[in-house]
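Asks: First the structure, which I've put down as structure tokens, then a few questions once you've had a look.
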Amino acid sequence: MQLPFLVFTVAAAVLRIADTPPRLPEPLPDTTVTTTAPAEAVEEVLVEAPEPRYVAPNRRDRIGRVWAPVMINGKGPFRLVLDTGASGTAVIPSVVTRLGISSANTRTVRLQGVTGSAIVSTIPVDSIEVGDLLLQGKHLPIVPDAFGGAEGVLGGEGFRDKRIAIDFRHDEISIMRSRRQQAAAGFIRVPLTFSRNGLPTFEVSIGTIRIKAILDTGAQVTVGNNALRDLLKRRRVETGLTEIVGVTLDVAQGEVIPVSTMHIGRIEVRGLRLTFGDMFIFERWKLLREPVLLIGMDIVGSFDAMVIDYPKRELQILTRGSST
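Under our numbering, the first residue of the sequence shown is numbered 1, with each subsequent residue one higher.
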């Protein structure tokens, strides 16, 4: 049965440098994250693992990733990218083959990505399971690529009562039912709100500008809309061009603006180059006029650990080099 009117959102994206970008200013230092008072700034420590199983921190040559070991119909585990900006779970064609499910004559959905949309086939599955998360009776869209060597994306469906703990230092991830526990020693608490689409949002600031930020662990890079770009360009900074490739493989052009400092609560993030453009996803979410950022793995992967507690409405962040 064909149902092309269903909508499924995947916010995964990857940045690709244009072949002949305009000349950029001299590179800023590698992105570093520190805490402001009362904690003192600490020296950056890079964590490197030859073959991370679940989480890969940022390195000088690679953006970090978060993978979840997901069982589908009791088979697997399959390595799916944790995507807090996605409305549900999707898989790549090789997973369909391993599951032995035919996608012929199944329902279709409209897949919404950062840069565009596409009609894709789905497969019916009986169960999706990881940690305390169990989803049953779902149709999974088949995406051409989930990026980063993953076998699909694990979206936010079913996270409403969950606590997701991501530990880059120890290569661990857990998805458990939240008990609204307090943040561990050394973690910085950041209040969360949720959009009508269920997207986890929080406040950040660039200089004196306060901005709504959406946590998007499926995106490699942090992307802002043109409303925010216009605010920052009043400072007459130099820019360059990039290309952003979404999960639908549509390509959009972005503009790069160096930003010296961003604050997330008491956390100070330095040495950023943010990418801007009115991507398809901003239009879909009706976020063209209000300045907004999608916070991707270029920032998240520079932390030592992060907890997303959905019922508690809180991010808990351990900055790199902090002690617990």
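Every residue gets a Cβ at the ideal spot worked out from N, C-alpha and C, and that includes glycine.
1) Go ahead and label R196 buried or exposed: buried means 16 or more other beta carbons lie within 10 angstroms of its beta carbon, across all protein chains shown.
2) Between the alpha carbons of T122 and L111, how many angstroms are there, rounded?
3) Relative to the alpha-carbon of T84, which residue among V300, L318, S322 has its alpha-carbon at the smallest distance?
4) Counting C-beta neighbours from all protein chains within 10 Å, is the total for M306 16 or more, i.e. buried, or is it exposed?
5) Could you give the DSSP three-state label for I92: helix, strand or coil?
6) Assuming E326 and T261 make a contact with CB atoms under 8 Å, what is their CB distance in whole Å?
7) Three-state secondary structure (DSSP) at T108?
8) Among the residues of its own chain, which have a CB less than 7 Å from the CB of N331, if the five just before and after it don't count?
9) Can you tell me where the alpha helix (DSSP H) holding K312 begins and where it ends?
10) Let me know the secondary structure DSSP gives D216 once reduced to three states.
11) Considering Cα atoms alone, identify which of L287, H263, S178, E290 is closest to I308.
12) CB-CB under 8 Å to H139, same chain, minus the five flanking residues each way: which ones, in chain order?
13) Exposed or buried, M279, counting other C-beta atoms within 10 Å across all chains shown (16 or more means buried)?
14) Alpha carbons only, please: which of R53, R313, P57 is nearest the one belonging to G321?
15) T275: which of F282, Q253, W67 sits nearest, CA to CA?
16) For L231, which residues of its own chain have a beta-carbon under 7 Å away from its beta-carbon, when the five flanking residues on both sides are left out?
17) Taking the CB atoms as reference points, tell me whether Q181 and D298 lie closer together than 8 Å.
18) Please report how far the alpha carbon of S117 lies from the alpha carbon of G207, in whole angstroms.
19) Which stretch, first to last residue, makes up the alpha helix (DSSP H) that contains D298?
20) With a Cβ-Cβ cutoff of 8 Å, do I295 and F187 count as a contact?
21) Confirm, please, whether the CB-CB distance from A68 to I173 is below 8 Å.
22) Given that a residue counts as buried once 16 or more other Cβ atoms are within 10 Å of its Cβ, and exposed if not, what is S102?
23) In the DSSP output, what is A150 paired with across the bridge?
24) Going by beta carbon distance, what residues of the same chain come within less than 6 Å of M176, once the five residues before and after it are set aside?
25) Quick check for students: name the residue ranges of the beta strand (DSSP E) that lie wholly in the segment 122-172, counting only runs of 3 or more.
26) Anyone know if the C-beta pair for A90 and P141 falls short of 8 Å?
27) Per DSSP, what kind of secondary structure is K233 in: helix, strand or coil?
28) Please report the straight-line C-alpha distance between P311 and I92, rounded to a whole angstrom.
29) Apart from the five residues on each side of it in sequence, which residues of its chain come closer than 7 Å, Cβ to Cβ, to L228?
30) Could you please give me the residues that DSSP links to R79 through a beta bridge?
Replies: Let me spell this out:
1) Exposed, by the Cβ-count rule.
2) Between the alpha carbons of T122 and L111 lies a gap of roughly 10 Å.
3) Check the Cα spacing between T84 and each of V300, L318, S322: the tightest is with V300.
4) Under this definition M306 is a buried residue.
5) Under the three-state reduction of DSSP output, I92 falls in the coil class, being neither helix nor strand.
6) This structure cannot settle anything about residue 326, because the visible part of the chain is limited to 1 through 324.
7) Note: T108 maps to strand in three-state DSSP.
8) Here the chain comprises residues numbered 1 to 324, so residue 331 is not present and cannot be evaluated.
9) Element bounds for K312: n/a, residue is neither H nor E.
10) Correct three-state label for D216: coil.
11) Comparing Cα positions, the closest option is S178.
12) Hits under 8 Å: T106, R107, V109, T122, I123, P124, V125.
13) With 16 or more Cβ atoms within 10 Å of its Cβ, M279 is classed as buried.
14) When only C-alpha atoms are compared, the closest one is P57.
15) Looking at F282, Q253, W67, the one whose alpha-carbon comes closest to that of T275 is Q253.
16) In the same chain as L231, and ignoring 5 residues on each side of it, the C-beta atoms closer than 7 Å to its own belong to I209, P291, in chain order.
17) No.
18) Roughly 34 Å between the two C-alpha positions.
19) Going by DSSP, D298 is part of the alpha helix (DSSP H) stretching over 297-300.
20) Using a Cβ distance threshold of 8 Å, I295 and F187 do not count as a contacting pair.
21) Against a cut-off of 8 Å, the Cβ pair of A68 and I173 comes out as a contact.
22) Using a 10 angstroms sphere on the CB of S102, the tally of other CB atoms stays under 16, which defines it as exposed.
23) Beta-bridge analysis with DSSP links A150 to no other residue.
24) For M176, where only same-chain residues beyond five positions count, the Cβ hits under 6 Å are G131, D132, R163.
25) Complete beta strand (DSSP E) runs here, min 3: 133-141, 152-154, 162-167.
26) Cβ atoms of A90 and P141: closer than 8 Å.
27) Annotated three-state conformation of K233 is helix, per DSSP.
28) One C-alpha to the other measures close to 31 Å.
29) Once the five neighbours on either side are set aside, the close Cβ partners of L228 are I211, F276, P291, V292, L293.
30) When beta bridges are read from the DSSP output, R79 appears opposite P69.
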